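The numbering of the sequence shown is the working numbering, which starts it at 1 and goes up by one.
Note that the Cβ used here is the ideal one computed from N, Cα and C, for glycine as well.
Note that the structure is predicted; figures quoted are calculated from it, not measured.
Okay, structure first, notes after.
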Amino acid sequence: MTISEIKLSEIIGGGYDEFWNCEKRYRVLKGGKGSKKSSTTALNFIFRLMKFKGSNLLVVRQVMNTHRDSTFAQLKWAQEKLNVSNLWRNTVSPMEMVYIPTGQKIIFRGFDDVLKLASATVPTGHLNFVWIEEAFEIASEADFDKLDLSVPRGTVEPPLYKQTTLTFNPWSGTHWLKKRFFESQSADVETFSTNYFVNEFLDETDRLVFERMKKSNPRKYDVAGLGNWGISEGLVYENWTVGKKEIAKDELYKWKSFFGLDYGYTNDPTGFVGFMANPIDKELYIFCEFCKKRMLNCDIAEEIKKLGFSKERIRADCAEPKSNDDLRRLGIGRITPSVKGRDSILNGISAINEYKITVNPDCVNMIRELSSYIYGDKTSDSGLRMPKDSDNHLCDALRYAFEDVKHFHPCRENEEAPETNPQILKSDFNGGWDI
């Protein structure tokens, strides 16, 4: 069977006709989870490259190593769905896909390796298509502009055309994507919004997940379910932005790293967060995380070691003393139980809210939590509203670790970068420290 013999409508379903056929310079798609936006985009690009001889595709995410389990897997799935896997050669080292009959390529890059991103080339045809998946992770519009000036590149003749496609979940209405593409549209931009209602391939159990979300966390449902822009009004933490932080060497003494851990397993994920705090200027920079379900204690220890933080002091949930003991035996020797007590949650939140928070764009789970962490209907013994205890595992880990910030008193003796923290790298560009 060839691709021409397949009924595309049976594979793609409805709701994406205009998106599929759009040829404008910028094709921008925001949508909720389960809206089939990524799978439809993957199908569309495999179909396009086989249809348009001489076309090639650059696939971009914020972090290169996230491609393998996302865009690479989705495009491979698309080849199988279109029954054309035998016509493609897929490799992970280097990570690329080659259309065997013509040599056209799909190549993968990350914004975390700017040099490779800017020098992306193909041996045949034109690098005329770009797909930025999870574009919300791209914190800087300037970074997008650098890519946009480099790729797609060159002059192409019809029927080829140049196009950049951006797909993402709209977690915050303050993101540059909203202003750039949705509030000031131009003739070369086409925007689309979608949600799980157009996905006829979801079964009843899938839809029940969204119905439960609708009742338990309406704010998250509005974004993750309906694909609407997130808003900051009413959030537990409002004073935060997405971006990368550079610290000048003569300012480094003000900063110190802290780490928190919240346990989960089947229904809730285990959340680990690393951040730097500056109590003098009241700034906080969240630079790393992991957030996964079904992690055994040995898995948690291995992940912490992989990140390079096994020797750091880590505040973990005091309700899990057995797990804390296990991690110590597994080589995470400075696990310390969190401090809990009357109004400890609200006091911790109040202390954090005194700080201006910057979140590294790689910390996608923290961004999602901060975008949907809201106050609920329950009140404390003091009569104050409590935050909803759902989808807040990284926020809890942050609060545990923040207890230690109170005891950090910066002095000039701390000016050198901590050797145990590999996240701090000396910058070659401005004489500062790029975290």
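Inset, instruction - Note the first and the last residue of the continuous alpha helix (DSSP H) segment covering residue 395. - result: 393 to 402
Legend entry - Straight-line Cα distance separating residue 70 from residue 80: 15 Å
Inset, instruction - Evaluate the contact criterion for the segment 209 to 229 versus the segment 387 to 407: three or more CB pairs, one atom per stretch, below 8 Å. - result: yes
Inset, instruction - Would you decide whether residue 395 is buried or exposed? Buried here means 16 or more other CB atoms lie within 10 Å of its CB. - result: buried
Inset, instruction - Let me know the secondary structure DSSP gives residue 171 once reduced to three states. - result: coil
Legend entry - Cutoff 7 Å; reference residue 268; Cβ partners in own chain excluding five residues on either side: 393
Legend entry - Burial state of residue 172, where buried means 16 or more other Cβ atoms lie within 10 Å: buried
Inset, instruction - Name the residue from 307, 20, 113 and 122 whose alpha carbon lies nearest to the alpha carbon of residue 288. - result: 307
Legend entry - Rounded separation between residue 302 and residue 334 - CA only: 15 Å
Legend entry - Presumed contact (8 Å Cβ cut-off) between residue 117 and residue 147, rounded CB distance: 6 Å
Inset, instruction - May I have the straight-line CA-CA distance separating residue 283 from residue 341, to the nearest angstrom? - result: 26 Å
Legend entry - Limits of the unbroken beta strand (DSSP E) element including residue 129: 126 to 133
Inset, instruction - Please list, in chain order, all residues of the same chain as residue 414 whose beta carbon is under 6 Å from its beta carbon, the five residues on each side excluded. - result: Confidence at residue 414 is low in this model, with a pLDDT of 46, below 50, so its placement is unreliable and the value that follows should be read with caution. Same-chain partners within the cutoff: 253.
Legend entry - Proximity below 8 Å, CB of residue 361 to CB of residue 375: no
Inset, instruction - Check each candidate in 91, 310, 369 and 295 and name the one with the smallest Cα separation from residue 76. - result: 91
Legend entry - Own chain partners of residue 271 with C-beta closer than 6 Å, once the 5 adjacent residues on each side are dropped: 262, 291, 393, 394 and 397
Inset, instruction - Determine the closest residue to residue 95 out of 86, 108, 165 and 88, with distance taken between C-alpha atoms. - result: 108
Legend entry - Unbroken beta strand (DSSP E) run spanning residue 228, endpoints: Note, residue 228: premise wrong, no beta strand (DSSP E); not H, not E.
Inset, instruction - Going by DSSP, name the residue or residues bridged to residue 19. - result: Per DSSP, none; premise fails for residue 19.
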